[in-house]
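J.: This is the structure I have questions about; it appears just below.
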Amino acid sequence: MTDPAAIRGRRQWPLPKLADPTAPLLLVDDLAVRFRMPEGSVKAVDGVSFRLDDGEALGIAGESGCGKTTTALSLVRLLPANGRIKSGKVELFGIDLVPRTEQQLARYRWREISIVFQGAMNALNPVRRIGDAIAEPIEVRLGQSRDASRKRAGELLELVGIPRQRAAAYPHELSGGMRQRAMIAMALACDPAIVIGDEPTTALDVMVQAQILRLLEQLRRDLGLSLILITHDLSVIAETCDRVMVMYAGRVAEEGPVRRVFSAPRHPYTQKLLSAFPNIHADRRTLDVIPGMPPDLRNPPPGCRFAPRCPMAMPVCTEVVPPEVRFADGVRVACHLYPTADAATVAVPATPARGIGT
Amino acid sequence: MTAPAVPAGAGGVVVARRQPGLLRQILRRPDGLAGAAILLVFTVLAVIPDILTGPLQTAITATGPRLAPPSVEFPLGTDELGRSMLNLTVHATRISMVIGLLATLVTVLIGAVLGIVSGYVGGRFDALVMRIADFFLVIPTFVLAIILTAIIRDVLGTGSREIFGIRLSLITIVVVIGITSWSSTARIIRSQTLSLKERAFVDRARVVGAGAGHIMRRHILPNVTNLIVANAVLTFAGAILTETTLSFVGLGDPFQPSWGQLLDAARTVGAPGLGAWWYFMPAGVGIVLVVFAFTLLGSALDAILNPKLQSRR
Numbered sequence: 002m003t004d005p006a007a008i009r010g011r012r013q014w015p016l017p018k019l020a021d022p023t024a025p026l027l028l029v030d031d032l033a034v035r036f037r038m039p040e041g042s043v044k045a046v047d048g049v050s051f052r053l054d055d056g057e058a059l060g061i062a063g064e065s066g067c068g069k070t071t072t073a074l075s076l077v078r079l080l081p082a083n084g085r086i087k088s089g090k091v092e093l094f095g096i097d098l099v100p101r102t103e104q105q106l107a108r109y110r111w112r113e114i115s116i117v118f119q120g121a122m123n124a125l126n127p128v129r130r131i132g133d134a135i136a137e138p139i140e141v142r143l144g145q146s147r148d149a150s151r152k153r154a155g156e157l158l159e160l161v162g163i164p165r166q167r168a169a170a171y172p173h174e175l176s177g178g179m180r181q182r183a184m185i186a187m188a189l190a191c192d193p194a195i196v197i198g199d200e201p202t203t204a205l206d207v208m209v210q211a212q213i214l215r216l217l218e219q220l221r222r223d224l225g226l227s228l229i230l231i232t233h234d235l236s237v238i239a240e241t242c243d244r245v246m247v248m249y250a251g252r253v254a255e256e257g258p259v260r261r262v263f264s265a266p267r268h269p270y271t272q273k274l275l276s277a278f279p280n281i282h283a284d285r286r287t288l289d290v291i292p293g294m295p296p297d298l299r300n301p302p303p304g305c306r307f308a309p310r311c312p313m314a315m316p317v318c319t320e321v322v323p324p325e326v327r328f329a330d331g332v333r334v335a336c337h338l339y340p341t342a343d344a345a346t347v348a349v350p351a352t353p354a355r356g357i358g359t
Numbered sequence: 006m007t008a009p010a011v012p013a014g015a016g017g018v019v020v021a022r023r024q025p026g027l028l029r030q031i032l033r034r035p036d037g038l039a040g041a042a043i044l045l046v047f048t049v050l051a052v053i054p055d056i057l058t059g060p061l062q063t064a065i066t067a068t069g070p071r072l073a074p075p076s077v078e079f080p081l082g083t084d085e086l087g088r089s090m091l092n093l094t095v096h097a098t099r100i101s102m103v104i105g106l107l108a109t110l111v112t113v114l115i116g117a118v119l120g121i122v123s124g125y126v127g128g129r130f131d132a133l134v135m136r137i138a139d140f141f142l143v144i145p146t147f148v149l150a151i152i153l154t155a156i157i158r159d160v161l162g163t164g165s166r167e168i169f170g171i172r173l174s175l176i177t178i179v180v181v182i183g184i185t186s187w188s189s190t191a192r193i194i195r196s197q198t199l200s201l202k203e204r205a206f207v208d209r210a211r212v213v214g215a216g217a218g219h220i221m222r223r224h225i226l227p228n229v230t231n232l233i234v235a236n237a238v239l240t241f242a243g244a245i246l247t248e249t250t251l252s253f254v255g256l257g258d259p260f261q262p263s264w265g266q267l268l269d270a271a272r273t274v275g276a277p278g279l280g281a282w283w284y285f286m287p288a289g290v291g292i293v294l295v296v297f298a299f300t301l302l303g304s305a306l307d308a309i310l311n312p313k314l315q316s317r318r
């Protein structure tokens, strides 16, 4: 059996030189990402702020095209060629990654922040053995010998519940769940502080999905990982995450501890999103549909971006961008329904308290 | 996890169901099997001509009568110097096959490297390489080959010097074939590379920190290997034809009997006019059979490797 200590001990290497040991793990402040398109600039992410602490799991929810993946990928600047971070800060251990050059940033990719991509079949080279695929980051990023990285790839496979003999298998010889496990092993290869799961369980059947989620949960506990889970499946977030950030059209609608947000959603969008989701405990009823489409981000509505679809929209909603209001239970909401004065505390754009769930 | 503690490589290895190997798939098809069988025969001839028919006969060691038709002693007759045509044809097989092989290696090497790098790197390099490739695709190959042979001969010289044990004149032909036929291989490999580099696993490798060289070698190349093999087969047939033609018009090496060289000799001597069919038939049949075999293999490979033609399962 693999010695867990060989893999545990999250910091196998010291913090980056510039790191501030007292700083939070990850602090994103007022991040804005633009995509240059022939028809104009698309504001895919607009003023997103959040914080991620050690060992914490943050779920990012929202419908397709709301900027979930863009937000996560821009942390290590893995945007498509036409995407750029326009402004904002991404502080990892207190180091702002936004002004780093591509070369400086490479040091953080995979070693500090790694990604479990969606669609494991596409993210694995069909003609390479999975053992080699997992060994690849160890070889090219950590500069270890082929033998050493192969050996560690075997350990990682066992860690995610695949017998190490299967390292010789090709992707098409593995089941979907196994491939996803292999992707997780690959994400863990360089012992990162943060793992971003980009729809890691989409396209898997419910049983396998549960297994993968349990694995992520267990790894987070055992290795002290922090997770960012991107998904449109709210039940996945409810099951695995401490906090949830609901995004709409490139902005944060509501963010806070999972239990608080899901049991008492404050933002109308969160309410709609939750009621559009089947609940096994509730009485049988027709699911809600949110009428309309998300706005065109080349030319978003001036006020609250949800206003055109919002059942509770007020005149002010279409004119003024709602400020973020922070409540005493750690939830922050960007909605005019909650005037700053009425909220228990003042509006704080970033750094909410840690979730209750942890 | 509770994986059984089995040492790697020992028993208990999970044997994965795998597609049968490429060779086996080829041999299962009638065209592939026929092509492979013909090639096997010629390969044997090319590898051990001395054992089969004795050392290459020269004007001095020739033993037979001049221009004699096939007989028991000389199954394929003799040439105008009294050399056994069987001996000459078998030795010529070796030269033709070696030139074909070397020219194919050169062609595929240039084509694959330029195709992958051009497709992956893109930009100006790609544009430049592809314009050069277009030039070679548009110019009639044979005219260019004749001119190039003359030029390269001038540069390298025509003496009997050898490089790596191969006569200079043969190297000239190999180089000429390589230069004139790399472009189609390069274009095919490039187009495949263009589609591969958009695939998620290439992105992933880049994110992980792999450099361009690493990605091209470890990710793109293994994915285009099938294509390279299929291309090599067709290039081989083309190379043998080109060599034959160049030799036939007198640009070969008269001291190295290739099939083309034999045909040229037959023409010089006037064998067709004299009714000495045994002079040119063996070489001609050899060329036709080898090219046919490669075409069969090529079509078998195409059927196996081209997913659109596939109807398995």
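Line by line, the protein sequences are chains L and R. Sequential numbering of the first sequence, starting at 2, is according to the numbering used here. Sequential numbering of the second sequence, starting at 6, is according to the numbering used here. Cβ coordinates follow ideal geometry from the N, Cα and C atoms, glycine included. Please read all numbers here as calculations on a predicted model, not as lab measurements.
1) Which bits of chain R does L/Glu137 rub up against, with CB to CB less than 7 Å?
2) Just curious, the beta strand (DSSP E) that L/Pro258 is in, first and last residue?
3) If I'm right that L/Val49 touches L/Val29 with Cβ under 8 Å, what's the distance once you round it to whole angstroms?
4) Between L/Ser115 and L/Val196, is the Cβ-Cβ spacing less than 8 Å?
5) Measure the alpha-carbon distance for L/Phe307 versus L/Met248 and round it to whole angstroms.
6) Would you mind stating whether L/Glu140 and L/Ser150 have Cβ atoms separated by less than 8 Å?
7) Quick one: grab the DSSP three-state call for R/Thr83.
8) So with Cβ pairs under 8 Å, would you call L/Asp4 a contact of chain R?
9) When the Cα atoms are used, what is the spatial distance from L/Arg130 to L/Asn123?
10) Interface residues of chain L around R/Ala205 at Cβ under 7 Å?
11) What are the complete alpha helix (DSSP H) segments, minimum 4 residues, inside the stretch 153-213 of chain R?
12) Below 8 Å on the Cβ atoms is my guess for L/Gly207 versus L/Glu255; work out the distance and round it to an integer in Å.
13) For a quick check, are the C-beta atoms of L/Arg180 and L/Leu125 less than 8 Å apart?
14) Hey, which unbroken runs of the alpha helix (DSSP H) at 4 residues or more fall wholly within the stretch 251-316 of chain R?
15) Tell me which same chain residues have a C-beta within less than 8 Å of the C-beta of R/Gly255, skipping the five on either side of it?
16) Could you give the DSSP three-state label for L/Ile163: helix, strand or coil?
17) How many angstroms separate the CA atom of L/Arg9 from the CA atom of R/Arg33?
18) Jot down the residue ranges of each uninterrupted beta strand (DSSP E) in the stretch 192-269 of chain L, minimum 3 residues, whole runs only, in chain order.
19) Here's the rule I'm using: 16 or more other beta-carbon atoms within 10 Å means buried, otherwise exposed. How should L/Asn83 be labelled?
20) So L/Glu140 is in the alpha helix (DSSP H); what residue range does that whole segment cover?
21) In the stretch 39-78 of chain R, which residue ranges form an unbroken alpha helix (DSSP H) of at least 4 residues, counting only runs that do not cross its ends?
22) Suppose the cutoff is 7 Å on Cβ atoms and the five residues either side in sequence are ignored; what does the same chain contact list for R/Leu50 look like?
23) Going along the chain, which residues of the stretch 91-118 of chain L sit with their C-beta nearer than 8 Å to a C-beta in chain R?
24) Run down chain L in chain order and give the residues with a C-beta less than 8 Å from the C-beta of R/Asn228.
25) According to DSSP, is R/Gly105 helix, strand or coil?
26) Once the 5 residues before and after R/Ala210 are set aside, which same chain residues still bring their CB inside 6 Å of it?
27) Buried or exposed: which applies to R/Ile233, given that a residue is buried once 16 or more other Cβ atoms fall within 10 Å of its Cβ?
28) Leaving out five residues before and five after L/Gln145 in sequence, what residues of the same chain have Cβ atoms less than 7 Å from its Cβ?
29) For R/His319, go through chain L and note every residue whose CB falls closer than 8 Å to its CB, in chain order.
30) Which same chain residues end up closer than 6 Å to R/Gly216 when comparing Cβ atoms and leaving out the 5 residues on each side of it in sequence?
31) Around the C-beta of R/Gly303, are 16 or more other C-beta atoms found within 10 angstroms, so that it is buried, or is it exposed?
32) Could you confirm whether any beta carbon from chain R is found closer than 8 Å to the beta carbon of L/Leu76?
33) Verify whether the separation of the beta carbon atoms of L/Ala58 and L/Leu220 is less than 8 Å.
34) Are the C-beta of L/Leu338 and some C-beta of chain R separated by less than 8 Å?
35) Hey, how far is the Cα of R/Leu81 from the Cα of R/Leu91?
36) Give, in chain order, every residue of the stretch 56-82 of chain L whose Cβ lies closer than 7 Å to some Cβ of chain R.
T.: Put simply:
1) As a working note, residue 137 of chain L is residue 136 in the first sequence. Those are Ala210, Val213 and Ala215, listed as they occur along chain R.
2) Walking along the first sequence from the start, residue 258 of chain L turns up at place 257. That run of the beta strand (DSSP E) goes Arg252 to Pro258.
3) Along the first sequence, read from residue 1 onward, the residue named residue 49 of chain L stands at position 48. Along the first sequence, read from residue 1 onward, the residue named residue 29 of chain L stands at position 28. Sure, about 6 Å apart at Cβ, within 8 Å.
4) Here residue 115 of chain L refers to the residue found at position 114 of the first sequence. Here residue 196 of chain L refers to the residue found at position 195 of the first sequence. Against a cut-off of 8 Å, the Cβ pair of L/Val196 and L/Ser115 comes out as a contact.
5) Taking the first residue of the first sequence as position 1, residue 307 of chain L is located at position 306. Taking the first residue of the first sequence as position 1, residue 248 of chain L is located at position 247. The alpha-carbon atoms of L/Phe307 and L/Met248 are separated by roughly 10 Å.
6) The residue given as residue 140 of chain L occupies position 139 in the first sequence. The residue given as residue 150 of chain L occupies position 149 in the first sequence. It is a contact, given that the beta carbons lie within the stated cut-off.
7) Within the second sequence, residue 83 of chain R is the residue found at index 78, counting from 1. The answer is strand: DSSP assigns R/Thr83 an E or B state.
8) Here residue 4 of chain L corresponds to residue number 3 of the first sequence, with the count starting at 1. Model confidence at L/Asp4 stands at a pLDDT of 40, short of 50, so the residue's coordinates are unreliable and nothing is read from them.
9) On the first sequence, residue 130 of chain L is found 129 positions in, with the first residue counted as 1. On the first sequence, residue 123 of chain L is found 122 positions in, with the first residue counted as 1. Roughly 14 Å separates the two Cα atoms.
10) As a working mapping, residue 205 of chain R is identified with position 200 in the second sequence. Those within 7 Å of R/Ala205 in chain L are Phe118, Gly120, Asn123 and Ala124.
11) 173-201 and 205-213
12) Looking up residue 207 of chain L in the first sequence gives position 206. Looking up residue 255 of chain L in the first sequence gives position 254. According to the sequence provided, residue 207 of chain L is Val. The question's Gly does not apply to it. The pair is not a contact, with the Cβ atoms about 27 Å apart (cut-off 8 Å).
13) Looking up residue 180 of chain L in the first sequence gives position 179. Looking up residue 125 of chain L in the first sequence gives position 124. For L/Arg180 and L/Leu125, yes; Cβs fall inside 8 Å.
14) 264-274, 276-279 and 282-310
15) Taking the first residue of the second sequence as position 1, residue 255 of chain R is located at position 250. Excluding residues within five positions, the ones whose Cβ falls inside 8 Å are Asp269.
16) As a position in the first sequence, residue 163 of chain L is number 162, starting the count at 1. L/Ile163: coil per DSSP, three-state reduction.
17) One-based indexing of the first sequence puts residue 9 of chain L at position 8. One-based indexing of the second sequence puts residue 33 of chain R at position 28. Confidence in L/Arg9 is poor, its pLDDT being 37 and thus under 50, which makes the residue's placement too unreliable to answer from.
18) 195-199, 227-231, 244-249 and 252-258
19) Position 82 of the first sequence, counted from the start, is the residue given in the question as residue 83 of chain L. By the neighbour-count rule (16 or more Cβ atoms within 10 Å), L/Asn83 is not buried but exposed.
20) Indexing the first sequence from 1 puts residue 140 of chain L at position 139. That run of the alpha helix (DSSP H) goes Ile131 to Leu143.
21) 54-58
22) Along the second sequence, one-based indexing puts residue 50 of chain R at 45. If we look at R/Leu50 and ignore the five residues flanking it on each side, its Cβ neighbours are Leu57, Val95 and Thr98.
23) Ala107, Arg110, Trp111, Ile116 and Phe118
24) Within the second sequence, the letter at position 223 stands for residue 228 of chain R. The answer, in chain order, is Asn126, Pro127 and Val128.
25) Taking the first residue of the second sequence as 1, we reach residue 105 of chain R at position 100. Helix at R/Gly105.
26) Within the second sequence, numbered from 1, the residue matching residue 210 of chain R stands at position 205. Closer than 6 Å at the Cβ level, and outside the excluded window around R/Ala210, lie Ile220 and His224.
27) Indexing the second sequence from 1 puts residue 233 of chain R at position 228. R/Ile233 comes out buried.
28) Counting from 1 along the first sequence, the entry for residue 145 of chain L is found at position 144. Taken in chain order, the residues that qualify are Ile139.
29) Chain R is shown from 6 up to 318; residue 319 of chain R falls before or after that span and cannot be answered.
30) Stepping through the second sequence from its first residue, residue 216 of chain R is reached at position 211. Cβ within range, chain order: n/a, list empty.
31) Start at 1 with the first residue of the second sequence, and residue 303 of chain R comes out as number 298. Buried, because 16 or more other Cβ atoms sit within 10 Å of the Cβ of R/Gly303.
32) The sequence position of residue 76 of chain L within the first sequence is 75, counting from 1. It does not; no Cβ of chain R falls within 8 Å.
33) Sequence index remark: in the first sequence, residue 58 of chain L carries index 57 (1-based). Sequence index remark: in the first sequence, residue 220 of chain L carries index 219 (1-based). No, the pair does not count as a contact, with Cβ atoms beyond the cut-off.
34) Residue 338 of chain L sits at position 337 when you count from the first residue of the first sequence. False, the Cβ-Cβ gap to chain R never drops below 8 Å.
35) On the second sequence, residue 81 of chain R is found 76 positions in, with the first residue counted as 1. On the second sequence, residue 91 of chain R is found 86 positions in, with the first residue counted as 1. So the alpha carbons of these two residues sit roughly 5 Å apart.
36) Leu79
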